[in-house]
Amino acid sequence: MSGPVYGGDEVNAIVLDIGTYAVKAGYAGEDTPKYVFPSSVGAIGGGPDGMEVDGAKRTLYVGTHSLAHRRDGMEIVSPFKDGILNDWEAVDGILDHALKNQMRLATDSHPIMLAEPSFNSKEAREKAVELLFEKYSSPAVFLSKNAVLSSFATAL
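Once you know that position 100 of the sequence shown is 84 in my numbering, the rest is easy, because the numbers rise by one and skip nothing.
See the structure below:
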């Protein structure tokens, strides 16, 4: 027995675009994203790229309001290195903020489309899909190159 087939206008899919400057999140079929917030993340503690230091993980602050408050020892980090997602703890914090805090969804009932950098590595793609299926229990995941999505948006 196979799962549901998603297609047509009845899809309640979530569209996520984690860009180097901003994260855009919304529903498929709408003209503009519902939520836009910085992709930079405030981090306190831990090591580079989300590594644990002395058994302590980083505390992450995601979103415009969280980043606006000064905190001692907070460093602003990007989930990107050389244009590829590589800080997966920060990506997880961004996804949590977008899906749970902003959109307030039960992700197990919404397929997710994630825009990825055009030159994304196979390892980064696998990690993104693993995170969306395993932590967020998405019923379906589709990855699309952001250049292709830009072409669709401009009707080329």
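Just so it is clear, CB atoms sit at the ideal spot from N, CA and C, and this is done for glycine as well. Bear in mind that the values here come from a model prediction, so they are computed numbers and not experimental data.
Item, Value
"Beta-carbon spacing of L83, E100 below 8 Å", "no"
"Buried/exposed call for R42, threshold 16 Cβ in 10 Å", "buried"
"Sufficient close CB pairs (3 or more, under 8 Å) joining the segment 85 to 97 to the segment 51 to 58", "no"
"D1 - partner residues in DSSP beta bridges", "K8, A99"
"Ordered list of alpha helix (DSSP H) runs contained in the segment 40 to 98, each at least 4 residues", "48 to 52, 72 to 80"
"Residues bridged to Y19 [DSSP beta-bridge criterion]", "A9"
"T138 to G57 span [Cα, whole Å]", "43 Å"
"T106, enclosing alpha helix (DSSP H) - first and last residue", "A small correction: the amino acid at residue 106 is Lys; Thr does not occupy that position in the sequence shown. Where K106 is concerned, the enclosing alpha helix (DSSP H) stretches over 106 to 118."
"Beta carbon of S78 nearer than 8 Å to that of V7", "According to the sequence as given, residue 78 is Ile; it is not Ser. Cβ distance < 8 Å, so I78 and V7 count as in contact."
"Residues bridged to S128 (per DSSP)", "A99"
"For G26: DSSP bridge partner residues", "Y45, I60"
"DSSP state of A137 mapped onto helix, strand, coil", "helix"
"Closest by C-alpha distance to I2, when choosing among F103, S24, K106", "S24"
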